[in-house]
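Novice: If you use UniProt numbering, the sequence shown corresponds to residues 1 to 333, in order.
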Amino acid sequence: MQRAFTAIHHFLYRAHFMGIPHNPALGYRPEIDGLRAIAVIPVILYHAGLPLFSGGFVGVDIFFVISGYLITSIILAQMLNGRFSLIDFYERRARRILPALFVMMLVCLPVAWLTLDPSDLKYFAKSLVAVPTFSSNLLFWLESGYFDATAELKPLLHTWTLAVEEQYYLFFPPLLMLAWSMGRKWLIVLLIAAALASLALAELGARHNASNAFYLLPARAWELLTGSFIAFYFVWRPRSVDSASHLDQAATLLGILLIGYAVGLFRQQYTLPWPQRAAACAGYGIDHCLRQWPDLGRQRAEFTGNGPDRHDQLQRLFVASARLCLRSSAQPD
């Protein structure tokens, strides 16, 4: 049941916290919901322990790309209109995140009390302090690896991704404002330099200390920056969705194949972060090309839903995933 609880908990967490609302000025992008579905399902099935999804955790990498794209798009839209404010930005993030985060922690309390032994409860108490301060990635980095057996006994382990994102949101907007004032050329140069430095740290960390490359922002920033580059691309080189080319469609298929490779053929004991790169590149390719391929975007929108029926679609996905997770957890390891 531990695996089933972890998978269901992870789904509910992703359904809310990764659902960053679209800025109305940017218009609704149904393909983003499709990307979320592509990313979250492998993560759920990985936590359910299904062998075919041994690399399903790379869905997290896709979420980082999506988050980088969305938050940068929102900031850019406001900067172009001369309305961006750091105080307003952080206030909106707090109103968006903190209420639901505290509710989630309160729900976890009785479950942890009933299921964890005293030593595990001690670690859980530490995580209760780390989560609202968005430092849980640092705590879990110091305690254990994501793939360790003890990780399954940490109900709040999945909050490390939220911590990484909020740390990124703490540093990225001020740096973007500074680079913005220097002009487009320097803006791109600085962001590319930051992404390459982060990628180098990820490579070094994966060779010498996988936990560093997995949990820490410096080794994850390049994925969020990949999403930021996508946002810049669409702001500076807008294209009509009717202008799809065969190259766009081929790139979309390549992106899906890269995700399939990372999810199905990758194993936990990695030495190089190639699966993260594959997932991030796939996220870029799909996000870029779905904008140019409206039919596939509509299919994604129909799958995930939007508007009054959106929660019904979400419930169906939850029920189907929960059944699969429970069925898997009932089988002997």
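Even for Gly, the Cβ is constructed at its ideal location relative to N, Cα and C.
Helix, strand or coil for residue 136 per DSSP?
Specialist: DSSP places residue 136 in helix when its eight states are reduced to three.
Novice: Could you give the uninterrupted runs of the alpha helix (DSSP H) lying entirely in the stretch 20–101, keeping only those of 4 residues or more?
Specialist: List check, alpha helix (DSSP H) in window: 30–47, 59–80.
Novice: Measure the Cβ-Cβ separation of residue 191 and residue 224 and say whether it is below 8 Å.
Specialist: No, the pair does not count as a contact, with Cβ atoms beyond the cut-off.
Novice: Below 8 Å between beta carbons: does that hold for residue 39 and residue 68?
Specialist: No, these two residues do not count as a Cβ contact at 8 Å.
Novice: Looking only at its own chain, which residues have a Cβ that is under 7 Å from the Cβ of residue 84, when we skip the five neighbours before and after it?
Specialist: Within the same chain, residue 84 has close Cβ partners 75, 78.
Novice: Tell me the DSSP secondary structure of residue 182 in three-state form.
Specialist: Residue state, collapsed to three classes: coil.
Novice: Between the stretch 198–218 and the stretch 131–142, can you find at least three pairs of beta-carbon atoms closer than 8 Å?
Specialist: Because the criterion of three Cβ pairs below 8 Å is met, the stretch 131–142 and the stretch 198–218 touch.
Novice: Return the residue from the list 123, 34, 63 that minimises the CA-CA distance to residue 43.
Specialist: It is 63 whose Cα lies nearest to the Cα of residue 43.
Novice: What is the residue span of the alpha helix (DSSP H) that residue 224 lies within?
Specialist: Where residue 224 is concerned, the enclosing alpha helix (DSSP H) stretches over 217–236.
Novice: If you count every other CB in all the chains shown that lies within 10 Å of the CB of residue 82, and 16 or more means buried, which is it?
Specialist: Result: exposed.
Novice: With distances taken between CB atoms, is the gap from residue 66 to residue 35 smaller than 8 Å?
Specialist: Their beta carbons are under 8 Å apart, which means residue 66 touches residue 35 by this criterion.
Novice: Ignore the nearest five residues each way along the sequence and tell me which others in residue 404's own chain have a CB closer than 6 Å to its CB.
Specialist: Absent from the model: residue 404. The displayed extent of the chain is 1 to 333, so no value can be given.
Novice: Quick check: residue 164 and residue 220, are their CB atoms within less than 8 Å of each other?
Specialist: Closer than 8 Å, so yes.
Novice: Alpha carbon to alpha carbon, how far is residue 195 from residue 231?
Specialist: In a straight line, the C-alpha of residue 195 is about 15 Å away from that of residue 231.
Novice: By the three-class DSSP mapping on this structure, what secondary structure does residue 209 have?
Specialist: Coil.
Novice: Going straight from the alpha carbon of residue 99 to that of residue 106, what length do you get?
Specialist: Taking the straight line joining both Cα atoms gives about 11 Å.
Novice: Measuring only between beta-carbons, confirm whether residue 160 sits less than 8 Å from chain B.
Specialist: The chain labelled as chain B is not found in the depicted structure, where only one protein chain is given.
Novice: Output yes or no for whether 8 Å exceeds the beta carbon distance between residue 134 and residue 157.
Specialist: No.
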